[in-house]
Structure formats: structure tokens, C-alpha cells
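Undergrad: Residue numbers (this note's numbering), protein chains in the order written: chain A, 141 to 600; chain B, 29 to 349. Idealized CB from N, CA, C, for every residue including glycine.
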Amino acid sequence: MASTVRRRCVAPLLGAAALLFGLAPTSKVSRADEKIILKVAKSSDFVPVTPEAGKAWWDEMKKQFEAEHPNVEVQYISIPGSYADLENKMSLLFRSRSTAPDVAEISNLDIGPWVASGYFLKLNDYVAKSAWWADFPGSVKAETTLGGDVYAVSHGENTMALFYDFQILAKAGIQTPWQPKTWDDLLAAARKIKATSPKVWPLWVSTGTAQGVFGVETGPGVLLLGSSDPMIFDTATKKWVVDSVGIRQVIDFYKKASSEGLLAPSSQLLAATAIATPPVEMAKGNIGLTLGGNWFSDQWTKTLCAPCWADASKHIGLANFPTRDGQSPDVASTLGGWDLAIYAKTKHPDLAWQFIDLTQRKENMLACDIEGGWVPPVKSLASDPEFANFAPPYRELFAKLLIHSVGIPSDPNYPIWAMGMLQATEAAVLNPNISTDDAVQKLVDYVTNQLGSDEVEKRK
Amino acid sequence: MMANSRAHSKATSSEARDLVRLDRRHIQWSSLVLLSPMGLLLFLLFLGPVGYAFYLGFTNLQLIGINSINYRFTGLTNLIALWKDKEFYHSLLLTVYFVVGSGAIGSTAAGLALAMLMERALPSLRAIVGAVAVLACILPPVTVAVVWYSVTTAGGVFPEMIGMGRDDLLYKAPMLVVSLANGWSLCGLSMLIFAAALKNIPRDLFEAAMLDDATAPQRFFRITLPMLRPTIMTSVLLMTLLSFGNFTLVFLMTGGGPEGRTNILPVYSYLQAFAYHRLGYGALLGNVIVVISALLGVIFVGINLLTGLSTRRIRTIAGRA
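(1) Would A/Gln-563 count as contacting chain B if we go by Cβ distances under 7 Å?
(2) Classify A/Gln-467: buried if its beta carbon has 16 or more other beta carbons within 10 angstroms, exposed otherwise.
(3) Name, please, each residue of chain B whose Cβ falls closer than 7 Å to the Cβ of A/Ile-407.
(4) What first and last residue would you give for the beta strand (DSSP E) that runs through A/Leu-475?
(5) Express the C-alpha separation of B/Leu-226 and B/Leu-239 in angstroms, rounding to a whole number.
(6) Could you tell me the alpha carbon to alpha carbon distance between A/Ala-158 and A/Glu-227, rounded to whole angstroms?
(7) Below 7 Å between beta carbons is the criterion; list the residues of the segment 231-260 of chain A that meet it against any residue of chain B, in chain order.
(8) Would you verify that the beta carbon of B/Ile-190 is, or is not, closer than 7 Å to some beta carbon of chain A?
(9) Pick from A/Ala-416, A/Val-382, A/Leu-475, A/Asp-594: whose alpha carbon is nearest that of A/Gln-581?
(10) For A/Glu-536, report the span of its alpha helix (DSSP H) as first-last.
(11) A/Trp-380 bridges to which residues according to DSSP?
(12) Run through the DSSP bridge pairs and tell me what A/Asp-289 is partnered with.
(13) Looking at A/Pro-462: is its Cβ nearer than 7 Å to the Cβ of A/His-544?
(14) Which residues in chain A have a C-beta closer than 7 Å to the C-beta of B/Thr-87? List them in chain order.
(15) Just to make sure I have the definition right: I need the residues of chain B whose C-beta is within less than 9 Å of the C-beta of A/Pro-552. Which are they?
(16) Reducing DSSP to helix, strand and coil, say where B/Pro-77 ends up.
(17) Quick one: is B/Pro-202 near chain C, going by C-beta distance under 7 Å?
(18) For A/Trp-197, count the other beta carbons within 10 Å of its own beta carbon; 16 or more makes it buried, fewer makes it exposed. Which is it?
(19) Between the C-alpha atoms of A/Asn-451 and A/Val-255, what's the straight-line distance to the nearest angstrom?
(20) What residue range is occupied by the uninterrupted alpha helix (DSSP H) comprising B/Ser-59?
(21) Give a yes or no on whether the minimum CB-CB distance between B/Ile-97 and chain A is below 7 Å.
(22) Helix, strand or coil for A/Thr-430 per DSSP?
(23) Helix, strand or coil: which one does DSSP assign to A/Val-169?
(24) Going along chain B, which residues have a C-beta under 8 Å from A/Glu-125?
(25) Taking the beta strand (DSSP E) that A/Val-345 falls in, what are its first and last residues?
(26) Would you kindly work out how many angstroms separate the C-alpha atoms of A/Phe-354 and A/Gly-560, rounded to a whole number?
(27) Mind checking A/Thr-413: buried by the 16 CB within 10 Å criterion, or exposed?
(28) Give me the residue from A/Lys-395, A/Gly-457, A/Lys-195 with the minimum Cα distance to A/Thr-316.
(29) Measure from the C-beta of A/Ala-350 to each C-beta in chain B and report whether the shortest distance is under 7 Å.
(30) Taking the beta carbon of A/Arg-237 as the centre, do at least 16 other beta carbons fall within 10 Å, making it buried, or is it exposed?
(31) For B/Lys-114, return the contacting residues in chain A, with the cut-off set at a CB-CB distance below 9 Å.
(32) CA-CA distance, A/Lys-229 and A/Ala-459?
(33) Using three-state DSSP, classify B/Lys-227 as helix, strand or coil.
(34) Between B/Thr-259, B/Thr-276, B/Met-146, B/Gly-183, which has its C-alpha nearest B/Val-206's C-alpha?
(35) Alpha carbon to alpha carbon, how far is A/Tyr-483 from A/Ala-240? Give it in angstroms, no decimals.
(36) Taking the CB atoms as reference points, tell me whether A/Phe-618 and A/Pro-549 lie closer together than 7 Å.
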């Protein structure tokens, strides 16, 4: 019996061993014609205005690069989902050398923690030899420069301004073109809109924790920049500002607008997908005044068609978002950029840089910013007729805001301050009867609880 | 004869060793070999990762930042931070409301009510209601979140029904709405459990009770509920554990807001790990969820054991009597 068992077992075991041996990798002989793989991680649907437009541009970059470098294959790692999904997936990719991309598309919002992780290569020597770098405004260079070292290069910027509906304002008796000078002008216009067009949402200024950290840039961040004290992080004391005249002014704005019923419904303003709502609702004539980004107007073009609105410029005007009391610099706009960085331990740093350099060529950058819905980081391109004529007159106006726009502090703890600020302003929207002290206290408590009382300060 | 009797007694004692008392618990050691593949999978896919997560909860690991690569064991630092974290206690309290309110109580009570109503319903109505209830529990959490978001925000069915007009019911009472959504999505499963259990209650108990002029509430509280006690315990535990893990529903509907009013532990853990990049602290919050879930399981097993013991004692006493 035992010998029978042995006979029955040996044959299959020998067969399995033979199969495994046959499948075992043999030692590779290096071949000169083996392609180098250059991995590029990028957003598939959050960053470009439409996924199709984004894919078209990236495919073109791959085609051009592979034509110039026949021994290189560009492999894209396309990351779907929201801003948080993109950032999280990207960070997980970097945790292992085998999965880390050579080139990564990241937001300037978190450049500080990215750099602190040690994931990115310093690009000082590369940018020094690049003519286009000199053409970047100081604010754009500053986005990706820490401690004097350049860690990434912008391939598109976002600025913020105020859209207004011509017909709705005309009905409210407001002459166009229109440029409000102060926040009171804004609220007065919203009141008139509410009185004359009751079914319309008078004012869209979003906030809400559901949008995540990005929500500050498109809402309370703009207001804070227009306030009397826009400081978020005190670089002198290295502390987060949790109470200031500026923060109180922002909260009071939301409170006033909400208490008078001037804001869009909370479910729209505070939703996780709030950023996608205004271009659609404006095309339907449902919003009077909208604080929005440059990509809103790009979405109406025939190319992007999200939604298609060929004669948008006949219905929607654009104005600078004013400062609270009309104080200098008269305009408030956050600056948000999407950058390309190189992995610090990449085996092909020169190739990675050449890929970035390719994306910075005039025709590619124009195509990128047209299809990505961005303002070009390069001054000469921002005034290029091809760029401006893609979505006139909006692009030209948004591009002019580039030098006035201010970036968010790049610090690892910024997300905590951002969530606290979103909570405080969200409270003002949902419960406009809340006192300003109580609303501010939410920011104070939240940031203090997370970071400790040593990391916060109150400015009066 | 002596040899025969010795052989006989040897055979008897070996037979006795081979014979197993079926009325007593015993372990078949050979079964461990057959269970070992499952054990290995359990270790690799569950115990191993959970153990590693426990370790990470005591480190300063970040998603991105100076400690994303060079992280270290920080001892009790995270635990001390947890102790001092007011938002953690707030989150824990919200989790209790959510899990107990909508999971343990809400969906169990709704499931029992549905199962009892279904017993009396017309067959056609029973089929339709049963199908809808089961559909609710098999819908993905994303779909449940989108449906409830649309019916509880401005212009939705519920605000219109209660005359809220353009107001958002979701943002006025966020914890209530997400709890209702969770209870709605789970009550179908609870209904199925109770429907099966109700069929196992002997009908003659009800007939005997009716002969004694027992009212419907009396029959319910004196017969149905006691007979369903083990099923209720099972349903409560299952609904509680399912609610504990229901991150998707709350995150999609409110993101933990507004103002942190639906910031249950799973959402807060996500926020810490992936919004604030504090993976170590987020892991610790996740460990708290695992510990609480394990405690609930232990309590359930303990109650079952005690119930079983007391039932056996009653039978023993009854047998002796």
C-alpha cells in the first residue's frame, strides 16, 4: 500500500517540478534594443476639464516623446477620482521604488509635505538651463520652490473671479459691464437679484468640509485674501492664525449672505461635488453671481462641451472678485497650480526632465492649457491669441489675474487649518444666527485640538 | 483463561479508549490538518494585516511628509494624543448614536416589524414588499447614499412632504438622515433573518395562548419575543457590525459634516489618515474600531454561552423533577 501511494504521488510531483522549472525565469541577457520605460502618473478625470480632453493631450505628449526617443516607452499611470483620491493614490505609489512613477502630476497645495517626504528631485540645475523658466511669474515659481530649491514645474494654473449673468443683472436694474468694488456692492446686487428673480440663486460662494481641503481655494480662501487681514500662517512665529479680523470678516460675509437667503441651497453649496455645479447651472440661467475658477468658462466651449454653450459670452460677464472695502490690491484671487515633479530615485532623471521640457514647449503648453482648462504659467502664452481666442473673453481676463493671485501656504498642517476654516464657514451658512465668536471658536477649537495650543495664534 | 481474560480486558480498555462520548465536547485533532489552509488564509489576510495595523497605530507614519519614509515606533505618543483628542470622544459618541440607533435598534426593530407584517400580508403584497426590502439591502452603499442624498436635500421628496421647501433636511438633521439611510439599507437583511425565525415558532403555542384569551400584545411579549431572543441577539450583533463598517454611506452623503455632526469613527479615521496624512494616528483610530467590534463579538458569545448554560440547567432541573 505504501509503495502504491509513493508511485501515485511521485509522478505528479515530478510533473509539477518540471512545470515549475520550465516556468522559472531564466537569466536575462541585456539587449540593446530593450525599451526604457518612463512612468508618468497623472489624474485621469479630476485635473483636466474633461477626461477626454486630458487623455487627448497626454496621448499627444506620449506620441511626440516616443518619436523623439525611439528607445523609450511612456507608460501612463492614470488615477481616477477626486483630489483626495489622486493625492492618496499618488502617495501610495511612491511608497515603493517598483511602483513609483518617474514623473508625477501633483497639486501645489501639498508641495510642502511632498518635498518633506523626500520623494522629489531638486530641479535647480535643469530649470537654470531652461529659457521658459525665466518667463514664469514670481508667484508661480514660488509655488514649487522651497528653501531656494525648485522641486516641480507648473503646467497650468487656476485663478478665481466673479461670473455674472447679464440678463439677471439687467432685470435687477444693474448696469453691465459690472465691477463691484466692495463686498457690500456684491451683497447689494445679490439682494436686488433675489427681489427681481426669486427662482434664481443670487450668489454662489461655496464652502463645506465635504469638498475637502480644495474647498478653501474656491471659496473662503478667496474671501480671506480680500479681507483686511489675509494671513493664514504667520511665517514669523510659525503659527497658524485661527482668529483675526480677516477670518471674522469672512465668517460675517457668509452669515449675512445666508441669513438674507442670498446663497444657493446648502445642499448644493456644501456638497462634495459643488465644484462641478456652477457651469451647468449658469448655462441654465439659475445663478446670478458666481465665484468661480477659470475652468468654468472653458467647459462651455465646443471642444470641452461640459455643457456646450457656444454663446456663453453673450450671457455671462466676468469681473474681479473685490476686496472687502475696495482696499489695494482691489482684487482677490487664489492661485492654484498643477505641477510636474520628478521622482528623487528615478533611474532616468534626464529622460524625465526631457519629458517635462517637452510639455513646456509653446504648442504643447497652449494645447495643455486649452484642454486642461488652465491659465498658462508662462506670461507670453497667457497673452497668446490662440489661448485667448479659445474661450473669449474669459481666458484673457483670468490670465491677467495671474500676477495678482496668491497661493496657499505649503505646509503639512495646512489641511487641518483648511478643515477648521471650512467648518467655521459651513456653520455660518447652515446657522446664520450663530455668533461670529462661536463660529470662529470652531476654527480655534479644531486646529488647537489637532495641533496643540503652541501652534496657533490669534491676531486682532 | 487468565490470558484470555487479560486479552479481553485489554481489548475492552482499548475499545473504551476508541469509543467517544457523543454527549460531551471533544476535539478531533486530525481536523486541524484540514483546517490549516483556512487558518493560513485567516492569518495572511486578516490577523497579519490587523496586527500590522496595530503596530502602525503606535508609529508616526505619514502618508506624505517627513515621516512618510523614515517613520518610527513612538510608544504611547499616539495613545496620549487620542486621550486628549476631543474630536475622538465626539466621534465615538456619534458612532454610538449611529451604530446603536440605526443598526442595533433601528434596523432590527424595522426588520422584525416587516417580518411580522409580511406573515399576515397577502401573498402578492408579501412578494413585492419582500423584494423591495431585499433590494434595499443588496444595493451598493454608493447607490443608497445617492438616493438618500437626493430625497433629503432641497427639492427632494422628504423636504417637500414635510413642507421644508428649499431647505435641506439632510443639513438640518444630518445624523438622523444618515441613520435612517443606514437603517433602511439594513432592515431588509434583518427582515429575512426574522422571517425565517418566525416560521420556527411552534403554532400550537399561539393556539394555546388564544384559547386562554391572550391578547395580541400578550402573545407578542410572552411568546414571540422570548422565542426570538437568540435571533434578536444575532440580528443586533450583525446590524451593529455592519453599521460600524458603513463608512461609504456617511462619507458620500455628508463627508462627516456638516460641522463634524456625522463624523463617526470610520470617517474620522479616514480624515486623519488621508486628509491630514497622519497614517499612524488614523491606524490607531481604526484599531479602536477593531477593538470595539471584537468586544461586541465577545459580549455576544458570552451572552449566548450564559443563555445556553441557563437553558441546560433548566432542562436538567426539569428532568430531575
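TA: On the basis of the coordinates in this document:
(1) yes
(2) exposed
(3) In the sequence as displayed, the identity of residue 407 of chain A is Ser instead of Ile. Chain B residues near A/Ser-407: Thr-181, Ala-182, Asp-196, Leu-198, Tyr-199.
(4) 474-482
(5) 20 Å
(6) The pLDDT assigned to A/Ala-158 is 47, lower than 50, so where the model puts this residue is not dependable, and the model offers no usable value.
(7) Ser-231, Asp-250, Pro-253, Trp-254, Ala-256, Ser-257, Gly-258
(8) no
(9) A/Val-382
(10) 534-540
(11) A/Phe-373, A/Val-596
(12) A/Leu-286
(13) no
(14) Near B/Thr-87 there are no residues of chain A at all, since even the closest Cβ is about 14 Å away, more than 7 Å.
(15) Gln-90, Ile-92, Gly-93, Ile-94, Tyr-304, His-305
(16) helix
(17) No chain C is part of this structure, whose protein chains are labelled A and B.
(18) buried
(19) Residue 451 of chain A is actually Asp in this sequence, not Asn. If I take the Cα positions, the gap works out to 44 Å.
(20) 59-70
(21) yes
(22) strand
(23) Its pLDDT being 43, under 50, A/Val-169 is placed unreliably by the model, and the measurement read from it follows with that caveat. In the structure shown, A/Val-169 sits in coil (DSSP, three-state: anything other than H, G, I, E or B).
(24) The structure shown does not extend to residue 125 of chain A, since chain A is modelled only from 141 through 600, so no value can be given for it.
(25) Unbroken run through A/Val-345: none, as it is neither H nor E.
(26) 13 Å
(27) exposed
(28) A/Gly-457
(29) yes
(30) exposed
(31) Asp-585, Asn-589
(32) 37 Å
(33) helix
(34) B/Thr-276
(35) 7 Å
(36) Outside the displayed range of chain A (141 to 600) lies residue 618 of chain A, so it cannot be described from this structure.
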